[in-house]
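Peer 1:
2 protein chains.
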Amino acid sequence: MHLTIKDIAKYSGTSVSTVSRVLNNHPDVSEKARTQVLKIVEQYHYVPNNSARNLVIRESATIAVIVRGIANPFFTRIIKTIESAIYAEGYSMSLHQIGSSDDELMAAAMLEREKRLCGIIFLGGRFNYSAMDVATLRVPFVCCTYANTFGALDPEGFSSVAIDDKREAYRAVRFLIEHGHRRIAALIEAKGGASISQLRYEGYCEALADAGIALDPALVECAGSFEMEDAYHAAARLAERAHFTALFAISDAMAMAAMKQLSLHNIRVPEDCSVIAIDGLELTNYCTPTLTTLEQPAEEMALASVKTLAGLLRGDGTNNHVFMETKLRTGASVRSLE
Amino acid sequence: MHLTIKDIAKYSGTSVSTVSRVLNNHPDVSEKARTQVLKIVEQYHYVPNNSARNLVIRESATIAVIVRGIANPFFTRIIKTIESAIYAEGYSMSLHQIGSSDDELMAAAMLEREKRLCGIIFLGGRFNYSAMDVATLRVPFVCCTYANTFGALDPEGFSSVAIDDKREAYRAVRFLIEHGHRRIAALIEAKGGASISQLRYEGYCEALADAGIALDPALVECAGSFEMEDAYHAAARLAERAHFTALFAISDAMAMAAMKQLSLHNIRVPEDCSVIAIDGLELTNYCTPTLTTLEQPAEEMALASVKTLAGLLRGDGTNNHVFMETKLRTGASVRSLE
Numbered sequence: 003m004h005l006t007i008k009d010i011a012k013y014s015g016t017s018v019s020t021v022s023r024v025l026n027n028h029p030d031v032s033e034k035a036r037t038q039v040l041k042i043v044e045q046y047h048y049v050p051n052n053s054a055r056n057l058v059i060r061e062s063a064t065i066a067v068i069v070r071g072i073a074n075p076f077f078t079r080i081i082k083t084i085e086s087a088i089y090a091e092g093y094s095m096s097l098h099q100i101g102s103s104d105d106e107l108m109a110a111a112m113l114e115r116e117k118r119l120c121g122i123i124f125l126g127g128r129f130n131y132s133a134m135d136v137a138t139l140r141v142p143f144v145c146c147t148y149a150n151t152f153g154a155l156d157p158e159g160f161s162s163v164a165i166d167d168k169r170e171a172y173r174a175v176r177f178l179i180e181h182g183h184r185r186i187a188a189l190i191e192a193k194g195g196a197s198i199s200q201l202r203y204e205g206y207c208e209a210l211a212d213a214g215i216a217l218d219p220a221l222v223e224c225a226g227s228f229e230m231e232d233a234y235h236a237a238a239r240l241a242e243r244a245h246f247t248a249l250f251a252i253s254d255a256m257a258m259a260a261m262k263q264l265s266l267h268n269i270r271v272p273e274d275c276s277v278i279a280i281d282g283l284e285l286t287n288y289c290t291p292t293l294t295t296l297e298q299p300a301e302e303m304a305l306a307s308v309k310t311l312a313g314l315l316r317g318d319g320t321n322n323h324v325f326m327e328t329k330l331r332t333g334a335s336v337r338s339l340e
Numbered sequence: 003m004h005l006t007i008k009d010i011a012k013y014s015g016t017s018v019s020t021v022s023r024v025l026n027n028h029p030d031v032s033e034k035a036r037t038q039v040l041k042i043v044e045q046y047h048y049v050p051n052n053s054a055r056n057l058v059i060r061e062s063a064t065i066a067v068i069v070r071g072i073a074n075p076f077f078t079r080i081i082k083t084i085e086s087a088i089y090a091e092g093y094s095m096s097l098h099q100i101g102s103s104d105d106e107l108m109a110a111a112m113l114e115r116e117k118r119l120c121g122i123i124f125l126g127g128r129f130n131y132s133a134m135d136v137a138t139l140r141v142p143f144v145c146c147t148y149a150n151t152f153g154a155l156d157p158e159g160f161s162s163v164a165i166d167d168k169r170e171a172y173r174a175v176r177f178l179i180e181h182g183h184r185r186i187a188a189l190i191e192a193k194g195g196a197s198i199s200q201l202r203y204e205g206y207c208e209a210l211a212d213a214g215i216a217l218d219p220a221l222v223e224c225a226g227s228f229e230m231e232d233a234y235h236a237a238a239r240l241a242e243r244a245h246f247t248a249l250f251a252i253s254d255a256m257a258m259a260a261m262k263q264l265s266l267h268n269i270r271v272p273e274d275c276s277v278i279a280i281d282g283l284e285l286t287n288y289c290t291p292t293l294t295t296l297e298q299p300a301e302e303m304a305l306a307s308v309k310t311l312a313g314l315l316r317g318d319g320t321n322n323h324v325f326m327e328t329k330l331r332t333g334a335s336v337r338s339l340e
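Now the structure itself:
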């Protein structure tokens, strides 16, 4: 929600020009009108303190946030921060969700008819945009939580804020290796796609290779999705097929489902099998055992996305590509073999 | 996202009148134009099969969905279903989130400036609307997941789809009593408010009273919010203060956090303490032990909300108030004392 100058006039029972004078600290306004206007401004508390001027000038320029896969619990934290950051910058936010298999660029193209649209933040999306794919976008955009790793776009034409999925997966698996594990299973979504799953799988492979551990295909299981139920079944296939002392899951939710399945197979975590993941969801703090995971800097990614976009819109910033680091959240799901 | 006739014309390189003729199966249109138009319609797959006519007639009438507390994991399932139901009825959806302490009616009032707005679904909200509160709403609205239990509104002026929170809490606690429990603790958000927490607390009290069990204030703990972290600390206070053989938590997430805390106090679930909750989140299927919970009919509530609103908009439906029943999802967190 974002208050426009017209709304303030309506709700305070004054005129647009009066509101404008109040917000710009113009002396030519009665004390009564000033009080009425400021009361509404405060009551709706949607107008950031420092942007009363911006509000008047830019009124209701809108940043669209297109969320791909709204059921992703990791995104809810990010949306919250993005929203307040957008308002703090003096813009309105328009929130759109699409299914995890829908095309966010097509959704964006349809938003172009919205005349107040000034920028887009994609929260989740494909990793393989081509120049043609984005040709329809006439406003600046930021890819939040992903980079165009498999695509071909002029980096100066867009921005991205993400973690380096391959490097972080490498770190997670490296952590297991440093704790003496060599039979390390991987629970991924799918191999070979232009996706986060592929990047994290590559990090897994590289960490094994660097430690001189041969890749055993029997230790890699594809769930086919990021859903807990699919991860749960995939973990059963893994447990029935192979022996391993550690499991790397590409997401917290998948790790949680896998831990449940392991316990049904009388494989205790961490006594018989250590588990590590990437995400750092709040809820896996309350699993038993608490999940050890690499926590994504959700708030920081949200803030950086909005800051970059706002800089572009103001004209004093440039497109850039930021990779942020995760932070190890030590739970009780990894034990040392040594 | 919803395709308007103008969008189809634009993307298919035809005119609005051509698109209209195609969608209405008018014979006076070239095969080439027909193919182009239908290709776009299919490609964007946003247009439900049976509503091509509706699309033309009503174009882009919009139903706003105002989500209060988007971090509530229970809502994500509902949003998904609401969205597809709205499109299936031939409307566009506009999604808005507000904080859990923000006022959804104020948010709605600000949406009134949107000229295409034809109805509102409130997903979560206050339980105490007065006639004055809703006087600014000029379109029909449905309260989804809550009823105006503590307020005073003409029931014919709005609709609601919810569970009967008091009755369902009664059922949950009754289930524990039937399993031989008498020392039953309650983990709630707060007492006395016009809220879901108060209703579920009342159900707890009534179930105890009907079973001749005196209410022991030492067994009731307020977390102060629905957050897992607050529930976690509240469960510690409970565990350190009182002895109980069962715990009723007013939400799944709170129950999960409490189970974690109990295990740290060497209170095993369900051996030493049974736990039951209300919600039926997917993720508590993967807790250890699996949570026994009363599952809310999320999809059914979503569908009923949209169906009611669509009936009102078409003019062939009336406002009504539906209470749906939860379904017991038997986990492994409750044991019988007998």
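Line by line, the protein sequences give chains A and B. Start counting the first sequence at 3; every next residue gets the next number (my numbering). Start counting the second sequence at 3; every next residue gets the next number (my numbering). Glycine included, every Cβ here is placed at the ideal spot set by N, Cα and C. The model shown is predicted, which means the values in this text are computed figures rather than measured ones.
If contact means a Cβ-Cβ distance below 8 Å, which residues of the region 221-247 of chain B contact chain A?
Peer 2: Against chain A - using a Cβ distance shorter than 8 Å - the residues of the region 221-247 of chain B are MET230, GLU231, TYR234.
Peer 1: Of all the CB atoms in chain B, is at least one closer than 8 Å to the CB of ALA133(A)?
Peer 2: It does not: the Cβ of ALA133(A) has no partner Cβ on chain B nearer than 8 Å.
Peer 1: With a cut-off of 8 Å on the beta carbons, I'd call LEU311(B) and ILE68(B) a contact; round off their distance for me.
Peer 2: With 8 Å as the limit, LEU311(B) and ILE68(B) do not qualify as a contact, their Cβ atoms being about 13 Å apart.
Peer 1: Provide the residue(s) that pair with LYS329(B) in DSSP beta bridges, ordered along the chain.
Peer 2: In DSSP, LYS329(B) forms a bridge with GLU297(B).
Peer 1: Say whether chain B places a C-beta atom closer than 8 Å to the C-beta of THR78(A).
Peer 2: With 8 Å as the cut-off, THR78(A) counts as an interface residue toward chain B.
Peer 1: Leaving out five residues on either side along the sequence, give the residues of the same chain with a beta carbon under 6 Å from the beta carbon of ALA244(A).
Peer 2: The residues are ALA220, LEU221.
Peer 1: Could you tell me which chain B residues have their CB closer than 9 Å to the CB of PRO75(A), listed as they occur along the chain?
Peer 2: Correct list: ALA73, PRO75, THR78, LEU285.
Peer 1: Here's the rule I'm using: 16 or more other beta-carbon atoms within 10 Å means buried, otherwise exposed. How should GLY333(B) be labelled?
Peer 2: GLY333(B) comes out buried.
Peer 1: Who are the Cβ neighbours of ASN130(B) in its own chain at under 6 Å, not counting the five residues just before and after it?
Peer 2: Result list for ASN130(B): PHE152, GLY153, ALA196, in chain order.
Peer 1: Could you name the residues of the same chain whose beta carbon sits closer than 7 Å to that of TYR172(A), not counting the 5 residues immediately before and after it, in chain order?
Peer 2: Contacts found: GLY205, GLU208, ALA209.
Peer 1: Go through the region 203-290 of chain A residue by residue and report every complete run of the beta strand (DSSP E) that reaches 3 residues or more, in order.
Peer 2: Runs of the beta strand (DSSP E) inside the region 203-290 of chain A: 222-224, 248-251, 276-281.
Peer 1: At a Cβ threshold of 8 Å, is LYS329(B) touching chain A?
Peer 2: No - not a single Cβ of chain A is within 8 Å of the one on LYS329(B).
Peer 1: Please confirm if GLY265(B) has its CB atom under 8 Å from at least one CB of chain A.
Peer 2: Contrary to the premise, residue 265(B) reads as Ser rather than Gly in this sequence. Chain A, which has a Cβ nearer than 8 Å to the Cβ of SER265(B), makes this yes.
Peer 1: Does the beta carbon of THR332(A) sit closer than 8 Å to a beta carbon anywhere in chain B?
Peer 2: Cβ-Cβ to chain B under 8 Å: no for THR332(A).
Peer 1: Can you tell me where the alpha helix (DSSP H) with THR20(A) in it begins and where it stops?
Peer 2: Here the alpha helix (DSSP H) through THR20(A) covers 18-25.
Peer 1: Using DSSP with H/G/I as helix, E/B as strand and the rest coil, what is PHE76(B)?
Peer 2: Correct three-state label for PHE76(B): helix.
Peer 1: What does ALA300(B) touch in chain A if you count any residue whose Cβ is under 8 Å from its own?
Peer 2: Neighbours of ALA300(B) on chain A: none; closest Cβ ~12 Å, over 8 Å.
Peer 1: Where do the N-terminal and C-terminal ends of the alpha helix (DSSP H) with ALA63(B) fall, by residue?
Peer 2: Segment: none, ALA63(B) is in no alpha helix (DSSP H) and carries neither H nor E.
Peer 1: Mark GLY159(B) as exposed unless 16 or more other C-beta atoms lie within 10 angstroms of its C-beta, in which case mark it buried.
Peer 2: Flag for GLY159(B) reads exposed.
Peer 1: Using the three-state DSSP reduction, which class does VAL144(A) fall into: helix, strand or coil?
Peer 2: Here VAL144(A) sits in strand by DSSP.
Peer 1: For ALA192(B), name the three-state secondary structure that DSSP assigns.
Peer 2: Correct three-state label for ALA192(B): coil.
Peer 1: Judging by CA-CA distance, which residue of SER162(A), THR290(A), GLU85(A) is the nearest neighbour of ASN268(B)?
Peer 2: Closest by alpha carbon: THR290(A).
Peer 1: Comparing C-alpha positions only, which one of TYR203(B), GLU273(B), ILE215(B) sits nearest to SER253(B)?
Peer 2: Out of TYR203(B), GLU273(B), ILE215(B), TYR203(B) has the C-alpha closest to the C-alpha of SER253(B).
Peer 1: Please compile the residues from chain B whose C-beta is within a distance smaller than 8 Å of the C-beta of ALA259(A).
Peer 2: Under the 8 Å cutoff, chain B gives TYR288.
Peer 1: So VAL175(B) and PHE250(B) are in contact, right, with Cβ under 8 Å, and what is the actual spacing, rounded?
Peer 2: VAL175(B) to PHE250(B), Cβ: 5 Å. Contact.
Peer 1: Tell me, which residues are paired with ALA154(A) by DSSP?
Peer 2: According to DSSP, ALA154(A) bridges with SER132(A).
Peer 1: Should the region 77-95 of chain B be called in touch with the region 299-319 of chain B, which here means at least 3 C-beta pairs below 8 Å?
Peer 2: As far as the Cβ criterion goes, the region 77-95 of chain B touches the region 299-319 of chain B, which means the pair count is three or higher.
Peer 1: Give every residue of the same chain whose Cβ lies closer than 6 Å to the Cβ of ILE165(A), excluding the five residues on either side of it in the sequence, and list them in chain order.
Peer 2: Taken in chain order, the residues that qualify are GLN298, MET326, THR328.
Peer 1: With 9 Å as the limit, tell me which residues of the region 300-323 of chain A have their beta carbon closer than that to any beta carbon of chain B; keep them in chain order.
Peer 2: Under the 9 Å Cβ criterion, the region 300-323 of chain A contributes no residue.
Peer 1: Answer yes or no: do ALA248(A) and SER276(A) have a C-beta to C-beta separation smaller than 8 Å?
Peer 2: Yes, the pair counts as a contact, with Cβ atoms nearer than the cut-off.
Peer 1: If I measure Cβ to Cβ from GLY194(A) and keep anything under 8 Å in the same chain, skipping five residues before and after, which residues do I get?
Peer 2: Excluding positions up to five away in sequence, the list reads GLN200.
Peer 1: Considering only C-alpha positions, which residue in the set GLY214(B), ARG331(B), LEU189(B) is nearest to MET261(B)?
Peer 2: Checked all of GLY214(B), ARG331(B), LEU189(B); the closest Cα to MET261(B) is LEU189(B).
Peer 1: Between MET256(A) and chain B, is there a C-beta pair that is closer than 8 Å?
Peer 2: With 8 Å as the cut-off, MET256(A) does not count as an interface residue toward chain B.
Peer 1: What residues from chain A crowd round ASP281(B), counting only those whose CB sits closer than 7 Å?
Peer 2: Simply none; closest approach about 13 Å.
Peer 1: Compare the C-beta of LYS262(A) against all C-beta atoms of chain B and say whether one is closer than 8 Å.
Peer 2: Judged by the 8 Å Cβ criterion, LYS262(A) is in contact with chain B.
Peer 1: Identify every residue that forms a DSSP beta bridge with SER86(B).
Peer 2: In the DSSP output, where bridge partners are listed per residue, SER86(B) has none listed.
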